[in-house]
Amino acid sequence: MRGTAAELLQILSDEGLLAEASEGAGELSPSSLSANSKEVLPGALFLCKGYTFRREYLDMAVEKGACLFLSEERFEAPIPHIYVTDIRKAVSLTARWFYGNPSSRMTVTGITGTKGKTTTAYILKAILDAASPGKTAVFSTMEVDTGRGGRVSHLTTPEPVELQSYFREAADNGCSHVVMEVSSQAMKLSRVYGEQFPIGIFLNVDEDHIGGKEHATLEEYVACKVSFLTQCDTVIVNRETRFFDQVLAACAGKRLLLYGHEDASQELLRDGTELSEAALSMPLGGVIRNMVCDERGSRFELGYEGKWYAFESSLVGRFNVENLTAAILAAFVMGIRPGTVQEGIRDIQIPGRMAVMEYGGFHIVVDFAHNYLSFLNLYHAAADTFSPRHIRAVFGSAGERSQVRRRDMGLLAERYADFVYLTEDDPGHEDVTEICEEIRSYIKKPCVIIPDREQAIRQALSDAEPGDVVLLAGKGSDVTQRVGDGYVPYISDAGAVRKWIAEQKKR
Numbered sequence: 102m103r104g105t106a107a108e109l110l111q112i113l114s115d116e117g118l119l120a121e122a123s124e125g126a127g128e129l130s131p132s133s134l135s136a137n138s139k140e141v142l143p144g145a146l147f148l149c150k151g152y153t154f155r156r157e158y159l160d161m162a163v164e165k166g167a168c169l170f171l172s173e174e175r176f177e178a179p180i181p182h183i184y185v186t187d188i189r190k191a192v193s194l195t196a197r198w199f200y201g202n203p204s205s206r207m208t209v210t211g212i213t214g215t216k217g218k219t220t221t222a223y224i225l226k227a228i229l230d231a232a233s234p235g236k237t238a239v240f241s242t243m244e245v246d247t248g249r250g251g252r253v254s255h256l257t258t259p260e261p262v263e264l265q266s267y268f269r270e271a272a273d274n275g276c277s278h279v280v281m282e283v284s285s286q287a288m289k290l291s292r293v294y295g296e297q298f299p300i301g302i303f304l305n306v307d308e309d310h311i312g313g314k315e316h317a318t319l320e321e322y323v324a325c326k327v328s329f330l331t332q333c334d335t336v337i338v339n340r341e342t343r344f345f346d347q348v349l350a351a352c353a354g355k356r357l358l359l360y361g362h363e364d365a366s367q368e369l370l371r372d373g374t375e376l377s378e379a380a381l382s383m384p385l386g387g388v389i390r391n392m393v394c395d396e397r398g399s400r401f402e403l404g405y406e407g408k409w410y411a412f413e414s415s416l417v418g419r420f421n422v423e424n425l426t427a428a429i430l431a432a433f434v435m436g437i438r439p440g441t442v443q444e445g446i447r448d449i450q451i452p453g454r455m456a457v458m459e460y461g462g463f464h465i466v467v468d469f470a471h472n473y474l475s476f477l478n479l480y481h482a483a484a485d486t487f488s489p490r491h492i493r494a495v496f497g498s499a500g501e502r503s504q505v506r507r508r509d510m511g512l513l514a515e516r517y518a519d520f521v522y523l524t525e526d527d528p529g530h531e532d533v534t535e536i537c538e539e540i541r542s543y544i545k546k547p548c549v550i551i552p553d554r555e556q557a558i559r560q561a562l563s564d565a566e567p568g569d570v571v572l573l574a575g576k577g578s579d580v581t582q583r584v585g586d587g588y589v590p591y592i593s594d595a596g597a598v599r600k601w602i603a604e605q606k607k608r
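The opening residue of the sequence shown carries number 102 in our numbering; numbering runs sequentially from there.
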């Protein structure tokens, strides 16, 4: 899998990251790798990284038998060291080296975007599973599945040591493909530094993740998103994304496939901005036409390399047609036959993404929407698909995240919802009621605050009338709430709905 640390020293040197190494460090062969001093095993290479790293963590690692440490800061310790100029980039390369660069044995597709990453990842996985069952791993916001069952994920893109261990598992499990989400935070923190993606998908970018522990400015956020494209060979891009010119500039020298609607030149983007001249002047590699979306799903035609293909899917909404198109184009690039693609997407269900239920003459939609673009798409999809009498929206906003989200959620609810129920959504260390009050300051429509999320859902369902649509946004299929520094069990939005319906049927 790997040789001595001399190989690592050469890798770091070639990248201009090596500052200094102890004499004899290159002769060592670490048996494990860890950035957590509590988990260090004898013979480990210990990584001194993290915002809150303290000297005592290194001392603990030494006591537990670490044989070598990697650090940006210089520490005196009784074991050999490797000093680097950028610890985050160095850790990513170190993890790749330690696990034998496993991603090089598989076709890895990276997906980024403010909205739609998870849905697109699971669409592409469904297509790949139809082509070669059990050969595709997925690393997503919902789970990490390395080919033999999934585990819960709390990061969209894992930290480098975990990420490379997952690549190693996937390769050892016989996977030929990996589909993974790549977040702006992952790019900012160099979690995928050194990775080269055969295929990259860029869905969209909009104002989000600004402030607090995320991105300092919108410019930084967009730059991090766009920087992902420099690590891709073939790039599949939504022509209707904002900041298109910046996205296009990052695609220089790449194989580029643009996709979009045939009639998009005659309309504004849904946020009211116009398509750029560059977007309108470039030919589309994937053309969407004759789209029909209703409560049965979506039907559309896709033009690719001079031919037209008809597709249908259980997924609803214009934005899901765009997600489907991105995944289909990736599959075509891989050489997958149209018939296999059609089979893969026909009856696909994405947990927590536009999951539709019906009871008492009204529809209930569970979706992970949690920012401006995803909420905008959700409201439009509900209106276009169901033509509802009223829209009843149940949502909250995560604590310690972008304050812009709360403003946007409030303004969109004021514009599109008829009744609003504000509640908890991963409050962290913030007070749920205070978060909700901030959102409510932008809403003049009928609006109530019910901090307990299950109770808020029950109230909205009890208030609903035939012809209404109840939108449950934010948590999707999550079965935990982030409270304080940990996670507490939650019934899930769909679970709360099923429980309420079961009670109604017993009456």
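Cβ atoms here follow ideal geometry from the backbone N, Cα and C, with glycine treated the same way. Since we're looking at a predicted model, the values are computed, not measured.
On a Cα-Cα basis, can you pick out the residue from the options that is closest to residue i?
i, options, result
"Ser-277", "Arg-608, Met-435, Ala-561, Tyr-473", "Met-435"
"Asp-246", "Ser-233, Glu-260, Leu-358, Glu-270", "Glu-270"
"Val-348", "Leu-319, Lys-606, Val-306, Ile-389", "Val-306"
"Asn-391", "Tyr-405, Ala-411, Gly-407", "Ala-411"
"Leu-490", "Gly-497, Phe-463, Ala-231", "One point to set straight first is that residue 490 is Arg, not Leu, in the sequence displayed. Nearest C-alpha to Arg-490: Phe-463."
"Thr-153", "Ala-136, Pro-143, Val-163, Cys-168", "Ala-136"
"Glu-140", "Lys-150, Glu-124, Glu-128, Met-161", "Met-161"
"Gly-250", "Glu-260, Gly-235, Glu-263", "Gly-235"
"Ala-178", "Arg-189, Asp-187, Gly-166", "Gly-166"
"Phe-329", "Arg-340, Ile-300, Thr-318, Gly-461", "Ile-300"
"Leu-118", "Gly-104, Arg-156, Glu-363, Tyr-184", "Tyr-184"
"Val-323", "Leu-357, Asp-334, Met-288, Thr-335", "Met-288"
"Asp-564", "Ala-595, Val-521, Asp-594, Thr-581", "Val-521"
"Ala-191", "Leu-134, Arg-175, Tyr-294", "Tyr-294"
"Arg-516", "Ser-503, Leu-523, Ile-492, Glu-539", "Ile-492"
"Glu-55", "Ser-382, Gly-144, Val-417", "The structure shown does not extend to residue 55, since the chain spans only 102 to 608, so no value can be given for it."
"Arg-175", "Asp-334, Arg-156, Pro-261", "Arg-156"
"Tyr-543", "Thr-210, Glu-260, Leu-523", "Leu-523"
"Cys-114", "Thr-186, Gly-587, Cys-168", "Reading off the sequence, residue 114 comes out as Ser, not Cys. When only C-alpha atoms are compared, the closest one is Thr-186."
"Cys-168", "Ala-231, Asn-274, Leu-134, Ile-212", "Leu-134"
Would the beta-carbon of residue i fall within 8 Å of that of residue j?
i, j, result
"Thr-237", "Leu-229", "yes"
"Arg-583", "Ile-536", "no"
"Ala-431", "Leu-225", "yes"
"Thr-257", "Glu-296", "no"
"Leu-110", "Pro-131", "no"
"Ile-592", "Glu-555", "yes"
"Ser-414", "Ile-446", "yes"
"Asn-472", "Thr-215", "yes"
"Val-338", "Cys-325", "no"
"Phe-496", "Asp-526", "yes"
"Pro-547", "Val-533", "no"
"Val-388", "Gly-404", "yes"
"Gly-577", "Val-467", "yes"
"His-481", "Arg-419", "yes"
"Lys-150", "Ile-112", "no"
"Ser-123", "Pro-203", "no"
"Ala-106", "Ala-126", "yes"
"His-357", "Val-327", "According to the sequence displayed, residue 357 carries Leu and not His. No, these two residues do not count as a Cβ contact at 8 Å."
Residue range of the alpha helix (DSSP H) that residue i falls in?
i, result
"Arg-516", "504-517"
"Tyr-158", "156-164"
"Ala-482", "473-487"
"Leu-349", "345-351"
"Ile-451", "Where Ile-451 is concerned, there is no enclosing alpha helix (DSSP H), given that its DSSP letter is neither H nor E."
Along the chain, where does the beta strand (DSSP E) containing residue i start, and where does it finish?
i, result
"Asn-391", "387-395"
"Asn-339", "333-339"
"Gln-582", "581-584"
"Ile-465", "463-468"
"Ile-188", "It is not in any beta strand (DSSP E) - Ile-188 instead sits in the alpha helix (DSSP H) that spans 188-199."
"Ile-437", "First-last for Ile-437: undefined, no H or E at that position."
"Tyr-322", "No beta strand (DSSP E) holds Tyr-322; the alpha helix (DSSP H) holding it covers 319-328."
"Leu-609", "Lying outside 102 to 608, the shown extent of the chain, residue 609 is not represented and no answer is given."
"Lys-408", "408-414"
"Ile-180", "Counting along the chain, Ile-180 falls outside any beta strand (DSSP E), and DSSP gives it neither H nor E."
"Arg-103", "Arg-103 -> no beta strand (DSSP E), and no H or E assigned at all."
"Gly-398", "398-405"
Assuming residue i and residue j are in contact, meaning their beta carbons sit under 8 Å apart, how far apart are those beta carbons, in whole angstroms?
i, j, result
"Thr-195", "Leu-129", "No, Thr-195 and Leu-129 are not in contact; Cβ-Cβ is about 13 Å, not under 8 Å."
"Val-570", "Ala-514", "That belief does not hold up - the Cβ atoms of Val-570 and Ala-514 are roughly 14 Å apart, past 8 Å."
"Phe-303", "Thr-342", "7 Å"
"Ala-428", "Thr-221", "5 Å"
"Gly-529", "Gly-500", "3 Å"
"Ala-470", "Ala-574", "4 Å"
Continuous beta strand (DSSP E) assignments of at least 3 residues falling wholly in the segment 260-302: 278-282
For the segment 533-594, list the beta strand (DSSP E) runs that are entirely contained and at least 3 residues long, ordered along the chain. 548-550, 570-574, 581-584, 587-590
Runs of 4 residues minimum, wholly inside the segment 225-265: which ones carry the alpha helix (DSSP H) assignment? none
Enumerated in chain order, which unbroken segments of the beta strand (DSSP E) with a length of 3 residues or greater are wholly contained in the segment 116-153? 119-122, 133-135, 145-149
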